Amino acid sequence: MSEAQEWPRNISCACYTQSNSSLYKKNVENLLSTLKSKNVSIYDSGFDYAMAGQGTTEQVYGLFLCRGDLSSAECKACISTASEGILLSCPGYKESTIWYDLCMMTYKYDPIFYTMRDETYAWWYDYNISDATATSINKLLNVTLDALIPKAASGLAGKKFAVNKTNFTESYPLYTLAQCTPDLTDGECKVCLQKAVGWLPQGKQGAISVVSSCNIRYDNKLFYNETAVSLMESAPTAAGDINPGKRKLSTGVIVAIIIAAITVTVVLFLILRCFLRKRHGFKQYKNVAKDIKTAEAMQFDFASIQAATNNFSADNKLGEGGFGVVYKGRLQDGQDAAVKRLFRSSAQGTAEFKNEVEVVAKLQHRNLVRLLGFCMEGEEKILVFEYMPNGSLDYFLFDSEKRGLLDWSRRYSIISEIAQGMLYLHEYSRLRIIHRDLKISNILLDANMDPKISDFGMARIFGVIRPKELLAKLRRHFTLPDPQPPAFGFYGPNVIENNGDERTASAIKVTITELEPR
168 MSEAQEWPRN ISCACYTQSN SSLYKKNVEN LLSTLKSKNV SIYDSGFDYA
218 MAGQGTTEQV YGLFLCRGDL SSAECKACIS TASEGILLSC PGYKESTIWY
268 DLCMMTYKYD PIFYTMRDET YAWWYDYNIS DATATSINKL LNVTLDALIP
318 KAASGLAGKK FAVNKTNFTE SYPLYTLAQC TPDLTDGECK VCLQKAVGWL
368 PQGKQGAISV VSSCNIRYDN KLFYNETAVS LMESAPTAAG DINPGKRKLS
418 TGVIVAIIIA AITVTVVLFL ILRCFLRKRH GFKQYKNVAK DIKTAEAMQF
468 DFASIQAATN NFSADNKLGE GGFGVVYKGR LQDGQDAAVK RLFRSSAQGT
518 AEFKNEVEVV AKLQHRNLVR LLGFCMEGEE KILVFEYMPN GSLDYFLFDS
568 EKRGLLDWSR RYSIISEIAQ GMLYLHEYSR LRIIHRDLKI SNILLDANMD
618 PKISDFGMAR IFGVIRPKEL LAKLRRHFTL PDPQPPAFGF YGPNVIENNG
668 DERTASAIKV TITELEPR
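Following my numbering, the numbering of the sequence shown begins with 168 at its first residue and continues without gaps.
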């Protein structure tokens, strides 16, 4: 299988738009220019991502992945080729992916970072092998890949990348490779690679299977750099050949030991300090904006927010919650937004504000409300979200007229998409998030009546928590009676009693589980 990168292995173009000269096209060009113009050191990792058009209605997100055995120069060269190839191959498309032997590049109108993507896949292969040996080779291949997948998921020199060589016969070696984008968790990487294996052609001399976030390859010819892989594997454990019984410690060694001892002491001190601060609930909010990593890209000035909301006009008011008032605003680029202005008098305002920005900025899923930015000037703390024109789900469920717009097909779709959003929070996001305030008033509906989970002010970051650890923190739970009227009830002849009175029926109960605060 040729290693030449001049011609792509596969190109996927989706979501064609006629507005070829649109702002989105310009943002795509800026994005690709950014990805191919990184500092050379960035390409050492073989992976990076970027976005363009922040704060506009035509944002675009992109990333690249180089094969794990490439040098930074080889990676940069391949990405430069890919950025030109994808632009020429998919003009006018809002979503594109291009694969070469040595790298891949993708861009999309939705966030694609820190989430497993399997919507795009492809495969290709070399010549068939004889039926007499195909079964045995396939068996060896499956066993080899079963062992290779967890090795790739656990990473190699900071990359989710692994290779293996085994022999079917002395004259027939089998080389295998597995790789994921490093933004995936170990579990997501394993799932992605298993899907890639499902598409992998067998009974061939060599084949490749690629999914949006990972790829699998095998061949009976060597296709990766064994020397580079060997250096990556040995780097963490490299050590000098020192025999303390026959050699004296040199001055350099003594200095190194002293420096190492000091470093360990400092690290232990910092760990202890962090532990004590967490234990005693120490909180410091004076520099909240500095704690928010996305500040430079997402921060609005207060004057812009005032102009967007007509100076927080009562006519623009959408609602009011426990921590502030929500207004409809129009940003400078013409995009509508929901502006949440926290109460100045709220004792919890600063903490809730910091928590919501830090949490929501890390979350990227089609069923979660997207954070456009924030403002923090003086006592003003403001969050800017994408605008949901249809409001919250409760307006439809408990309104006698609007309720009719939610047929059972639509309700099923809403339930399913809410579940997908919660599954992402609990299983697939970079951080494990427990929402802690999920209710129908926090389910917002966009122009297409698709639901999005909002209001993360009460959310808690659990990190990579295991189910047993979560269950250990349950305090109690209790069951409430059926809601009146039921959230997903229905009316019909089967629920009309003999006296002719119309009754509601519901197949659900509402269970509240309370978590002990950490």
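Cβ coordinates follow ideal geometry from the N, Cα and C atoms, glycine included. Here the structure is a predicted model, which means the values were calculated and not measured.
query                                                                                                                                                : result
What number of angstroms, rounded off, separates the C-alpha of W174 from the C-alpha of Y276?                                                       : 25 Å
Since N331 and T311 are thought to touch, with beta carbons under 8 Å apart, how far apart are those beta carbons, to the nearest angstrom?          : 6 Å
Pull up the distance between the alpha-carbon of Y294 and that of W366, whole angstroms please.                                                      : 17 Å
On a CA-only basis, which of A320, A374, D268 is nearest N305? Give me that one, please.                                                             : A374
Tell me, to the nearest whole angstrom, how far the beta carbon of V536 is from that of S621; I am working on the premise that it is less than 8 Å.  : 4 Å
May I have the straight-line CA-CA distance separating V434 from I424, to the nearest angstrom?                                                      : 15 Å
I'd like the ranges of any alpha helix (DSSP H) spanning at least 4 consecutive residues and lying wholly in the segment 285–366.                    : 298–320, 353–366
Based on the DSSP secondary-structure assignment, which residues constitute the bridge partners of K193?                                             : Note: K193 sits in no beta bridge, so no partner.
In the DSSP assignment, what residue or residues form a beta bridge with Q466?                                                                       : F541
What three-state label does DSSP hand A614 in the structure shown?                                                                                   : coil
Judging by CA-CA distance, which residue of A314, N177, S321 is the nearest neighbour of Y267?                                                       : N177
What's the call for I438, buried or exposed, on a 16-neighbour Cβ count within 10 Å?                                                                 : exposed
Which residues in the same chain have their Cβ closer than 6 Å to the Cβ of C242, if we skip the five residues on either side of it in sequence?     : Y210, G213, C233
Looking only at its own chain, which residues have a Cβ that is under 6 Å from the Cβ of L416, when we skip the five neighbours before and after it? : With a pLDDT of 45 at L416, under the threshold of 50, the modelled position of this residue cannot be trusted; read the value that follows with caution. If we look at L416 and ignore the five residues flanking it on each side, it has no Cβ neighbours.
Tell me, which residues are paired with E553 by DSSP?                                                                                                : A504
I need the boundaries of the alpha helix (DSSP H) containing Y579, first residue and last residue.                                                   : 575–590
Just reading off the beta strand (DSSP E) that C257 is part of, what are its end residues?                                                           : It is not in any beta strand (DSSP E) - C257 carries neither H nor E in the DSSP assignment.
Cβ of M555 within 8 Å of Cβ of D500?                                                                                                                 : no
Could you check what DSSP says for V536 in three-state terms: helix, strand or coil?                                                                 : coil
Select from Q531, T273, N382 the residue whose C-alpha is nearest the C-alpha of L590.                                                               : Q531
Out of N387, C381, D503, which has the shortest C-alpha to C-alpha gap to T224?                                                                      : D503
Using only the alpha-carbon positions, how far apart do L641 and L592 sit?                                                                           : Interpretation of L641 is limited by its pLDDT of 43, a score under 50 that renders its predicted location unreliable; the figure taken from the coordinates is listed afterwards. Approximately 18 Å between the Cα atoms of the pair.
Per DSSP, what are the beta-bridge partners of T264 in this structure?                                                                               : S179, T273
Can you tell me which of I585, S263, S238 puts its alpha carbon nearest to the alpha carbon of E196?                                                 : S263
Helix, strand or coil: how does DSSP classify R440 here?                                                                                             : helix
Which first and last residues belong to the alpha helix (DSSP H) in which D114 is found?                                                             : A query on residue 114 cannot be resolved here, the shown segment of the chain reaching from 168 to 685 and no further.
Taking only the alpha-carbon atoms, compute the straight-line gap between P340 and L550 and give it to the nearest angstrom.                         : 58 Å
Quick one, are the C-beta atoms of K203 and D215 less than 8 Å apart?                                                                                : no
Within the chosen definition, does the segment 338–358 reach the segment 378–398 through at least 3 CB pairs nearer than 8 Å?                        : yes
Would you mind giving the Cβ-Cβ distance between S379 and R533, rounded to the nearest angstrom? I have them listed as a contact below 8 Å.          : About 15 Å separates the two Cβ atoms, so there is no contact after all.
What is the rounded straight-line gap between the Cα of C257 and the Cα of S376?                                                                     : 22 Å
Cα separation between L605 and V506?                                                                                                                 : 20 Å
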